[in-house]
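Each number in the working numbering comes from the position in the sequence shown (counting from 1) with 52 added on.
Don't be surprised by glycine CBs; every beta carbon is placed ideally from N, CA and C.
One structure is given here, and the rest of the page talks about it.
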Amino acid sequence: MSEFSSWMKVGITDLVLRMVEANTVMRDLSLENPIRAIREISHDVTCRKKVRLANGRELTAIEVQEEYYERTERFLERRGPDPQSKQLLQEWRDALDALILQEPERLVRKVDWVAKQSLIESYRERHQLPLSHPRVALLDLAYHDVNRTRGLYYVLERAGKMERAVAEKEIQRAMREPPQTTRAKLRGDFIRHAKQKRRDYTVDWVHLKLNDQAQRTVLCKDPFRSVDERVEQLIAHM
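Have a look at this one:
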C-alpha cells in the first residue's frame, strides 16, 4: 500500500539488477526454502528470526539485507551514484538502522507493517481488546482495502500520516499519459487515434491490430522503442 515502500522495493531491485548485469561478484544468498523463509520472516516483528540458506548458513532478514546493502554501496562508489540512487541508498541505510536498533516506530510513515501495527495497537489499547479479537482482524484487512474512500491506509494518507513518493498530480497525469520513452507510448498513440477514428482494434503487450478486413497488425517486440514507422503508418491509414 505504501508508495514509499514500493519506491524502495523497486529502486533497490533496480540497483541489484544493475550489479548483476555488471557481473558483480555476490555471495550466494539463495534460501533453502524461500516460501517457508518468507512466512517465518513475516511473522517476526523483531527481525531476529534466522532462516537457512541453501549453503547451510543461517541469517536474519536484516543480515541478508546488510550483505546486499554493502555490495550495493561499494558498487555505487565505483560507478558514481546518481541523485536518486544516492537517496535510495540513504533511505535503505536508515531503514536497516531503525530495525537493527529495534526502533521500527521511526518507519511508521513509510513501512506498511509498522504503520498497521501502530494502528492496531492503538485500537486495541483504546478498546481493551486481545489480538485475537475479530474486530482486530477486520482492522487488519481494512488497512489493505483498495477502495480509496474506506481503506485505512488511504485514511492515514489523507491525514498526512504516510510518506508519499509521488505527487497526486503526477499520478493523474500517468493515468492519462504513458511513459514517453517506452513501447507504452506506441500503444497509447495507437489507442488514442483508433478511438478518435472509431476504429475497432485489439492491443496487447506486443501487438497493435486494426480489426478490419485487412487485419493489419504491427508486432512491437522492443519494450524501450518509443518510435516506430510501422505504427505511424498504421495510424496514418486509419
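GLU122 sits exposed, since fewer than 16 C-beta atoms from the chains shown fall within 10 Å of its C-beta. For secondary structure counted as the alpha helix (DSSP H) over 4 or more consecutive residues, the region 205 to 243 holds these complete runs in sequence order: 220 to 228.
In this structure, the alpha-carbon of ARG88 lies about 14 angstroms from that of LEU111. Inclusion of PHE56 and ALA211 in the CB contact set at 9 angstroms is not warranted, their separation being larger than that value. Straight-line spacing of the CA atoms in GLU229 and VAL62 works out to 21 angstroms.
The beta-bridge partner set that DSSP reports for TYR253 consists of LEU262.
Going by beta carbons, ARG235 and PHE276 fall inside the 9 angstroms limit. The beta carbon of LEU181 sits closer than 8 angstroms to the beta carbons of TYR175, ARG187, VAL188 from its chain, once the five residues preceding and following it are set aside; these are given in chain order.
By the criterion of a C-beta distance shorter than 8 angstroms, GLU73 is surrounded by no residue of its chain, once the five residues flanking it on both sides are discounted. Excluding sequence positions up to five before and after ASN107, its CB lies within less than 8 angstroms of the CB of ASP80, SER82, all in the same chain and listed in chain order.
THR124 is classed as buried because its beta carbon has at least 16 other beta carbons within 10 Å across all chains shown.
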